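Let me begin by presenting the structure, written as structure tokens, before commenting on it.
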Amino acid sequence: MFHDKHPLFPAYKIAKRIAIGIVGGTVLVLGIIMMVTPGPGIAGILVGLGILGVEFAWARIWLKKIKARAQDVARNVKERVAAHKGQKSQDPPSS
């Protein structure tokens with residue numbers, strides 16, 4: 013929008029950071045509230061962190077940690093399902 017030589021560039025950067033903080037923080041808080049009330053709480057938290065991650069490094073770090081944890085959980089679930097299927101096929105038929 014503004015190039016870095018524009019006289020309003022510093023004010024634009026601050027205003028952008030504040031706006032992203034307010035919008036992202038609001039979505040994040042609503043996501044946390046939705047964890048105990050009806051609604052997509054996890055999705056709200058992830059979207060809020062995604063918005064905040066545009067401007068804040070701590071939000072990007074949290075998103076990376078959450079993504080890594082979700083991948084670990086998914087891998088464990090797949091392994092358990094595969095082990096369970098293998099165990100079922102090895103059971104002798106009952107008569």
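Numbering (the working numbering), first residue to last: 13 to 107. Heads up, the beta-carbon is just placed ideally off N, CA and C, and yes, glycines get one too. Since the structure is predicted, the reported quantities are computational estimates derived from the model, not experimental observations.
Put residue i into one of helix, strand or coil per three-state DSSP.
| i | result |
| --- | --- |
| GLU91 | helix |
| GLY37 | helix |
| GLY52 | Gly is not the amino acid found at residue 52; the sequence shown has Pro there. The answer is coil: DSSP assigns PRO52 none of H, G, I, E or B. |
| ASP84 | helix |
| LEU20 | coil |
| MET47 | coil |
| VAL66 | coil |
| HIS96 | helix |
Comparing alpha-carbon positions, which option in the options lies nearest residue i?
| i | options | result |
| --- | --- | --- |
| LYS79 | ALA27, ILE45, TYR24 and ALA55 | ALA55 |
| ILE26 | ILE45, GLU67 and GLY53 | GLU67 |
Spell out whether any CB of chain D is found under 7 Å from the CB atom of residue i.
| i | result |
| --- | --- |
| LEU75 | Protein chain content of the structure displayed is limited to a single chain, and chain D is not contained in it. |
Assuming residue i and residue j are in contact, meaning their beta carbons sit under 8 Å apart, how far apart are those beta carbons, in whole angstroms?
| i | j | result |
| --- | --- | --- |
| ILE32 | LEU64 | 7 Å |
For this session: Please determine if the stretch 55-72 and the stretch 35-47 are in contact, where contact requires at least 3 C-beta pairs separated by less than 8 Å.
Result: Segments in contact, yes.
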